[in-house]
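In our numbering, the protein residues as written are 1486 to 1978.
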């Protein structure tokens, strides 16, 4: 008896692009979860729109309401009757009488222009006597005075918060806002604090041109850091990527919307912005590690994430905060300058008189020769490998000079060319050998110098490949970080 073939019905929906990155990302994720829930949804970039398709999943109104309740609970109103979440509240109220068939019909159209509903769109709702525009949480581009179709024509409106005649009139249909509200529920909140200002940002992952979403996008939703710059957003991006590793969903960048405010009880807004974070290299690095099951590379990303997490507090010392900034810049750009600064800052933190708690964060960053080899691969500037025997001998010699090792280490850092660097290495190793011979009761300076010269002769063969100044700087920093990883300081893990 032949087993009858089962033909499952497929549904296909279209999400048209507006060119506003965060709003588009929210709508795309919202549509995928609105119609397919935790089932698989295949997303393909068709140029002007994304196509979202999958096996038909019957979503009743209670299921849709439950999804929105999970991410956008109805807010409690204040005594004055106002609330910061009025727009989401109105969407929630609307969903009580939602008709899923009409929403499916809207996103199933080839060129949807008019709403399937007779209700007015949300911008026309009179909330406490005023028209409410879209908030920055949907995208800063919707704010009046922030930007326009040609922002350079009126550059003064790029950062101002005026409410003049140059308002941006964006009137999305109710279906679009419903999808965006649901998708925004998957955005991570990122807060960057400094002494003068506070940046509040929401970010969403941007997927490759063809991807399959299965189940909820499960990652942490809140991140903060006090080192300023984009440290907080790098922490959030790395954390989200690592959380998505098991799902194997290719992420190419992140979209964001951000509002900058003054520090203080009133928190007066200063400026807003939105767009892409520009973390393509970081995402590419992560995705290649996922595809190749490269545990060492994922381990390095995890170490960077943990360091940024541990240094997030406002009372973190200055050197660790600066190391966090350089580390974030390195993760995004994989540049030699950041690598050199990471080596210098780590050495000084380990040489400081601070307690073990402060040193522990730096000790657990790139903490083994195996880690350093992976960092070298990530930088990818074509420098030779580090000779293990020379690095180990140099680490041991520096350990024997407990009080003066940092002075010797600084001489290595300040070497301007390869020959000068090799001379310093040979001198330090010979002193280390001499101290060992002293402990054995057979001090012989000539013997120590000959042993050091013989060992460092292997380095001299690398001189030609390190003639380029950039390559030499990169190799020197990698070499010195390898030495630090072999020295015993205590306070790790």
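Cβ coordinates follow ideal geometry from the N, Cα and C atoms, glycine included.
Just so we're clear, the structure is a prediction, and the values are computed from it rather than from any experiment.
Given that a residue counts as buried once 16 or more other Cβ atoms are within 10 Å of its Cβ, and exposed if not, what is residue i?
i            : result
residue 1906 : buried
residue 1632 : The predicted model places residue 1632 with a pLDDT of 47, which falls under 50 and marks its position as unreliable; any figure quoted below should be read in that light. Burial call: buried.
residue 1913 : buried
residue 1860 : buried
residue 1703 : exposed
residue 1509 : buried
residue 1963 : buried
residue 1494 : exposed
residue 1594 : exposed
residue 1506 : buried
residue 1604 : Per-residue confidence for residue 1604 stands at a pLDDT of 43, beneath the threshold of 50, marking its modelled position as unreliable; no derived number is given.
residue 1684 : buried
residue 1799 : exposed
residue 1935 : exposed
residue 1778 : exposed
residue 1980 : Limits of the chain in this structure are 1486 at one end and 1978 at the other, which puts residue 1980 out of reach.
residue 1889 : exposed
residue 1797 : buried
residue 1516 : buried
residue 1670 : buried
residue 1750 : exposed
Shortest alpha-carbon distance to residue i belongs to which of the options?
i            : options                : result
residue 1868 : 1955, 1730, 1933       : 1955
residue 1972 : 1887, 1949, 1957       : 1887
residue 1587 : 1540, 1498, 1782       : 1498
residue 1819 : 1941, 1752, 1766       : 1766
residue 1756 : 1893, 1698, 1686       : 1686
residue 1951 : 1822, 1870, 1533, 1771 : 1870
residue 1511 : 1624, 1543, 1532       : 1624
residue 1531 : 1935, 1936, 1678, 1502 : 1502
residue 1874 : 1826, 1968, 1770       : 1968
residue 1764 : 1718, 1778, 1836, 1902 : 1718
residue 1992 : 1924, 1521, 1814       : No information on residue 1992 is available, as it lies outside the stretch 1486 to 1978 that the chain covers here.
residue 1541 : 1533, 1519, 1535       : 1519
residue 1828 : 1847, 1837, 1843       : 1847
residue 1877 : 1845, 1539, 1917, 1923 : 1917
residue 1795 : 1837, 1844, 1780, 1536 : 1844
residue 1769 : 1812, 1872, 1803, 1817 : 1817
residue 1514 : 1771, 1590, 1679, 1688 : 1688
residue 1944 : 1589, 1879, 1750       : 1879
residue 1776 : 1748, 1733, 1814       : 1733
residue 1538 : 1504, 1592, 1585       : 1592
residue 1748 : 1662, 1724, 1711       : 1711
Kindly indicate the opening and closing residues of the beta strand (DSSP E) around residue i.
i            : result
residue 1737 : 1736-1747
residue 1674 : 1673-1678
residue 1664 : Segment 1659-1669 is the alpha helix (DSSP H) holding residue 1664; no beta strand (DSSP E) there.
Along the chain, where does the alpha helix (DSSP H) that runs through residue i open and close?
i            : result
residue 1588 : 1585-1593
residue 1506 : 1506-1521
residue 1706 : From DSSP, residue 1706 is part of no alpha helix (DSSP H); its letter is neither H nor E.
residue 1689 : Where residue 1689 is concerned, there is no enclosing alpha helix (DSSP H), although the beta strand (DSSP E) it sits in stretches over 1682-1692.
residue 1769 : 1765-1776
residue 1934 : 1930-1945
residue 1905 : 1903-1924
residue 1792 : 1780-1795
residue 1893 : 1890-1898
residue 1803 : 1803-1818
residue 1952 : Residue 1952 -> no alpha helix (DSSP H), and no H or E assigned at all.
residue 1863 : 1854-1864
residue 1874 : 1873-1885
residue 1822 : 1821-1836
Per DSSP, which residues does residue i bridge with? Please list them.
i            : result
residue 1759 : 1742
residue 1719 : Partner(s): none; residue 1719 has no beta bridge.
residue 1497 : 1538
residue 1528 : 1537, 1696
residue 1710 : 1677
residue 1754 : 1746
Given 8 Å, three or more beta-carbon pairs between the region 1668-1685 and the region 1704-1715: Note that the region 1668-1685 touches the region 1704-1715; at least 3 beta-carbon pairs, one per stretch, sit closer than 8 Å.
Touching by the beta-carbon criterion (3+ pairs, under 8 Å), the region 1779-1793 and the region 1847-1862: Here the region 1779-1793 lies against the region 1847-1862, with 3 or more beta-carbon pairs under 8 Å apart.
At least 3 beta-carbon pairs within less than 8 Å: the region 1517-1534 vs the region 1686-1703: Taking one beta carbon from each stretch, the region 1517-1534 and the region 1686-1703 have 3 or more pairs nearer than 8 Å; the two touch.
Given 8 Å, three or more beta-carbon pairs between the region 1739-1758 and the region 1790-1809: Output reads no: the region 1790-1809 does not touch the region 1739-1758.
At least three beta-carbon pairs within less than 8 Å, the region 1929-1938 to the region 1788-1796: Too few Cβ pairs lie closer than 8 Å, so no.
Validate contact between the region 1821-1830 and the region 1727-1743 using beta carbons, cut 8 Å, 3 pairs: Segments in contact, no.
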